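In numbering that gives the first Met the number 0, the protein residues as written are 0 to 345.
Note that the Cβ used here is the ideal one computed from N, Cα and C, for glycine as well.
This structure is a prediction, so every number in the text was calculated from the model and none was measured.
For reference, the structure discussed in these notes is given below.
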Amino acid sequence: MQAVQFSEHGDTDVIEYGEFPDPEPADDEVLVDVKAAALNHLDIWTRRGLPGIDLEMPHIPGSDAAGVVTEVGADVDRFEAGDHVAVSAGVSCGSCEFCRDGEPTMCVDFHILGEHVRGVHAEQAAVPADNLVPVPDHVDWEVAGSASLVFQTAWRMLVTRADLQPGEKVLVLGASGGVGHAALQIAKYVGAEVYATASSEEKLDYAEELGADEVINYEQEDFDDAIRDITGYRGVDVVVDHIGAATWNKSLASLAKGGRIVTCGATTGPNPETDVNRIFWNQLEVIGSTMGTPGEVDDVLELVWEGEFEPRVRDTLPMSETARAHEMLQEREGFGKVVVRPDSEL
Ligand SMILES: [Zn+2]
């Protein structure tokens, strides 16, 4: 088969699209004929190399994909050939104390397809059946292949971890980005009042289209000042932060007394200075969140398949142009998911 792959870490020029041995599904795995696969920022970190992660080379990147089942392992009874499926990339051991307690995303051996082990940006992928979600036939391949990672992440952040309630005020940072645009849609669905930040008029217009009650251009004003103005110095109940160092203290300063900040990532760096006084005096909660449980994935993707939530697709490229797709993400050209499809599908 043809697969996106790299044999060493580095810039986009390490990415190749070429021959790779056909995957053989293990007893608990399903062979998927990939139709569309989305990129995430994680693909860029993985390509550059992450501390503590030693990949088997050549590595196939990619955590999001959708396609058609062509073969199932001996122990698989949830799927059969011809089914449409989407990949959910979080893998847990099933037997540690956290897995046994119903918290697979806290598994001591938790890992992500495409980040720690070979991923799904290829013509075919052998994926554990537990990591597949059924997709109704009417759903477009671009939608099916681009929703899973960002929507499960945003759903767990807001619904499970922050326990967002109708009427609460939420600030979504980077609301046109992958997790941001999912969080904005989910917060509106829950019935929250949503404030959104973005860096251009086009992105702010998009956030308003998705239902943001107020939008803030963070290139033109400090978003914590804007939040104080909008809320009459009260602040918001929840901040969704996936940006990290560049926003952390302003995020804390945007919170009302007793507010919660929920984080799933740090694209601008993981080591911000923190104003501890603000945390204890205002009795703030700092909440971490990673990926989603199978139940959370089912809940949120059902709403995507029904059309309640929509992943925005920026562009679709042939897999042979995956290096270009990485560049679009890392150079922040436009916004929305970048999708790649096997050249043989185009
Ligand atoms: Zn476990």
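Could you tell me whether any non-hydrogen atom of ligand 1 is closer than 7 Å to the CB of residue i?
i           : result
residue 108 : yes
residue 294 : no
residue 91  : yes
residue 94  : yes
residue 263 : no
residue 97  : yes
Counting C-beta neighbours from all protein chains within 10 Å, is the total for residue i 16 or more, i.e. buried, or is it exposed?
i           : result
residue 232 : exposed
residue 279 : exposed
residue 219 : exposed
residue 184 : buried
residue 283 : buried
residue 310 : buried
residue 241 : buried
residue 61  : buried
residue 107 : exposed
residue 17  : exposed
residue 104 : buried
residue 46  : buried
residue 3   : buried
residue 358 : Within the shown structure, residues of the chain are numbered from 0 to 345, placing residue 358 beyond reach of any answer.
residue 25  : exposed
residue 343 : exposed
residue 275 : exposed
residue 141 : buried
residue 221 : exposed
residue 99  : exposed
residue 199 : exposed
residue 271 : buried
Quick check: the Cα distance between residue i and residue j, rounded to an integer number of angstroms?
i           : j           : result
residue 111 : residue 224 : 37 Å
residue 209 : residue 5   : 37 Å
residue 146 : residue 63  : 8 Å
residue 291 : residue 65  : 18 Å
residue 325 : residue 41  : 10 Å
residue 8   : residue 92  : 27 Å
residue 158 : residue 293 : 14 Å
residue 90  : residue 289 : 12 Å
residue 264 : residue 148 : 13 Å
residue 124 : residue 281 : 48 Å
residue 320 : residue 339 : 8 Å
residue 73  : residue 133 : 19 Å
residue 69  : residue 14  : 27 Å
residue 255 : residue 239 : 14 Å
residue 81  : residue 71  : 11 Å
residue 22  : residue 30  : 8 Å
residue 0   : residue 126 : 16 Å
residue 174 : residue 285 : 20 Å
residue 248 : residue 334 : 25 Å
residue 259 : residue 226 : 15 Å
residue 19  : residue 139 : 27 Å
residue 144 : residue 329 : 20 Å
residue 273 : residue 122 : 45 Å
residue 211 : residue 323 : 31 Å
residue 306 : residue 187 : 14 Å
So is residue i in contact with chain B if we call contact Cβ pairs under 8 Å?
i           : result
residue 335 : Protein chains in the displayed structure number just one, and chain B is not present.
Mind checking whether the beta-carbon of residue i lies closer than 7 Å to any heavy atom of ligand 3?
i           : result
residue 176 : Annotation note on ligand 3: not contained in the displayed structure, which lists ligand 1 as its ligands.
*With a floor of 3 residues, list each beta strand (DSSP E) that falls wholly inside the region 278–309, ordered by position along the chain.*
284–287
_For the pair the region 313–325 and the region 187–200, tell me if three or more CB-CB distances fall below 8 Å._
no
*Can you list the beta strand (DSSP E) stretches of 3 or more residues lying completely in the region 104–153, in chain order?*
123–127 and 131–133
*Are at least three pairs of beta-carbons, each pair with one atom in the region 289–304 and one in the region 142–160, less than 8 Å apart?*
yes
*Are at least three pairs of beta-carbons, each pair with one atom in the region 165–185 and one in the region 204–221, less than 8 Å apart?*
yes
*Given 8 Å as the limit, is there contact between the region 110–128 and the region 163–175, that is, 3 or more CB pairs closer than that?*
no
*What runs of the alpha helix (DSSP H), each 4 residues or longer, lie entirely inside the region 158–234?*
177–189, 200–208 and 222–229
*Which parts of the region 36–95 are runs of the beta strand (DSSP E), unbroken and 3 residues or longer, counting only runs that do not cross its ends?*
65–71 and 83–86
*Length at least 3, wholly inside the region 3–38: the beta strand (DSSP E) runs in chain order*: 15–18 and 28–37
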